[in-house]
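Residue numbers (the working numbering): -10 to 132. Accompanying notes for the structure given below.
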Amino acid sequence: MKIGLSSDGNSLTDHFASNFGRCSYFIVYDSTAQEVRTAYSNTAQNAAGGAGIQAAQSMIDNQVETVIAPQMGPNAWNVLKGANIKVYTGITGSIQENIDALLAGQLTEMADAQGVGPGRGRGMGRGQGRGMGRGQGRGRGNF
-10 MKIGLSSDGN SLTDHFASNF GRCSYFIVYD STAQEVRTAY SNTAQNAAGG AGIQAAQSMI
50 DNQVETVIAP QMGPNAWNVL KGANIKVYTG ITGSIQENID ALLAGQLTEM ADAQGVGPGR
110 GRGMGRGQGR GMGRGQGRGR GNF
């Protein structure tokens, strides 16, 4: 099985990158041969837009069957799912630790895109008008 991973570097000892579309490198690992097939720079990491789609397309071009990513936007998600590529959430650690966790069945397959989209209102105010009224209201104009 060919596994695509987002990475901060180009080796198995490098750290797993926190953002799929904006990572520095991609590593394609062949679990059957137990070796890195390719490691390459993410040319879309500084793109103004469409980085996730370009990243997903590079996984398709490298014929991966599985991608490990900590989070993924809906556009990249749709491209990968359209190509029948499974996407798993990764763990903090090295590329090798993520490969080992996947092969041991310890990673979770993503059910949908993660990491972007509308907020969930988990801030302190939760959108309920709790600004504490500190404007002081001293405008004494004539109405």
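Glycine is no exception: its CB is placed at the ideal position from the N, C-alpha and C atoms.
Spatial neighbours of A90 in its chain, beta-carbon cut-off 7 Å, leaving aside the 5 residues before and after: I80 and L96
What residue does the beta strand (DSSP E) around P71 start on, and which one ends it? For clarity, residue 71 is Gly in the given sequence; the question names Pro instead. No beta strand (DSSP E) holds G71; the alpha helix (DSSP H) holding it covers P63 to G71.
What are the partner residues of A28, as DSSP defines its beta bridges? I16
Nearest to G41 (by Cα), restricted to the options V53, S30, P63 and T55: P63
Whose C-beta lies closer than 7 Å to the C-beta of G94 among residues of the same chain, with five residues either side of it excluded? none
C-alpha gap between W66 and D101, whole angstroms: The alpha-carbon separation between W66 and D101 amounts to approximately 7 Å.
Residues in its own chain within less than 8 Å of G39 by CB, not counting five upstream and five downstream? A33 and N64
Give every residue of the same chain whose Cβ lies closer than 8 Å to the Cβ of Q46, excluding the five residues on either side of it in the sequence, and list them in chain order. V68
Locate the beta strand (DSSP E) running through I57, then write down its first and last residues. T55 to I57
Please look up how many angstroms separate the CB atoms of N31 and Y18, rounded, as I've assumed it's under 8 Å. So it is not a contact: roughly 16 Å between Cβ atoms.
Cutoff 6 Å; reference N(-1); Cβ partners in own chain excluding five residues on either side: Y14 and A28
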